[in-house]
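Q:
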């Protein structure tokens, strides 16, 4: 599911800002962007996010602000300073010029005085960072739950449509055998030149067809899967994998019904049902 969450935490002059963005993905993919030098905490951040998210492509961005976020340390490269002084003396002697190299000259030379940015020790600031991560994940979770409720409502509606198709197939199934027996009787009578076929033989053929075309077990299992699917949608916990499994089972049953029924009207209902199942499958891939 898609979502966005933001969390902030302050400690010792540093503000930690964490942004978490998620987009639909069948599996969980985590990418964490931390300030330079904070890579040691990447697994800690990922572990925190995994407590909230089990599916989706998730990007986590951590930024630091404030006086304590970074400091600059000035260092003197004494070797460079000595080399510069020596070069200054040689230039004066060789070219016969006057003038002395001043402290100002040395301080403005980039090779002599260097500024190094020092980041705070990540381990010292781990607790406030993870507090901001937790806040961002809570915010993300709230947004994803709202989207989940919308998806659940849509899937509930689609299971209702599917259940209606199942009942229509169930109502049609007995008529399929009757229609087959009638067509068989007409064909035999036509082949025999108008003579009625033997009732026992006709009954045997119809019984064989009825056994081959019997879809009651498939319809019963399909109705059971629909009920389990609807029950899973009502649960306040991750059910995405469970829903995927039930959809696979429903698709299996509806395919079997289509291959066994040998009836145009049922075949039409099967096509409608498979179309509905495909729409449901696309939605379920976004559910955690």
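In this note's numbering, the protein residues as written are 277 to 564.
Glycine included, C-beta positions come from ideal geometry on N, C-alpha and C.
(1) Would you check if the stretch 325-341 and the stretch 355-375 touch, i.e. whether three or more CB-CB distances between them fall below 8 Å?
(2) Over what stretch of residues does the alpha helix (DSSP H) that includes residue 555 continue unbroken?
(3) Please check the pair residue 495 and residue 445, which I expect to be a contact at CB under 8 Å, by giving their CB distance rounded to whole angstroms.
(4) Going by C-alpha to C-alpha distance, which of 287, 309, 286, 524 sits closest to residue 296?
(5) Compare the Cα-Cα distances from residue 537 to each of 360, 514, 493 and report the closest residue.
(6) Taking 8 Å as the threshold (C-beta atoms), are residue 435 and residue 502 in contact?
(7) With a threshold of 16 other CB atoms inside 10 Å of the CB of residue 418, please say whether the residue is buried or exposed.
(8) Going by alpha carbons, who is nearest to residue 322 out of 381, 304, 500?
(9) The alpha helix (DSSP H) with residue 499 in it runs from where to where?
(10) Taking only three categories from DSSP, how would you classify residue 402?
(11) Are there 16 or more other CB atoms within 10 angstroms of the CB of residue 430, so buried, or fewer, so exposed?
(12) Report yes if the CB atom of residue 427 is closer than 8 Å to the CB atom of residue 562, and no otherwise.
(13) Between which two residues does the alpha helix (DSSP H) harbouring residue 322 extend?
(14) In angstroms with no decimal places, state the Cα-to-Cα distance between residue 380 and residue 389.
A: The structure says:
(1) no
(2) 540-560
(3) 7 Å
(4) 309
(5) 493
(6) yes
(7) exposed
(8) 304
(9) 492-509
(10) helix
(11) exposed
(12) yes
(13) 318-326
(14) 11 Å
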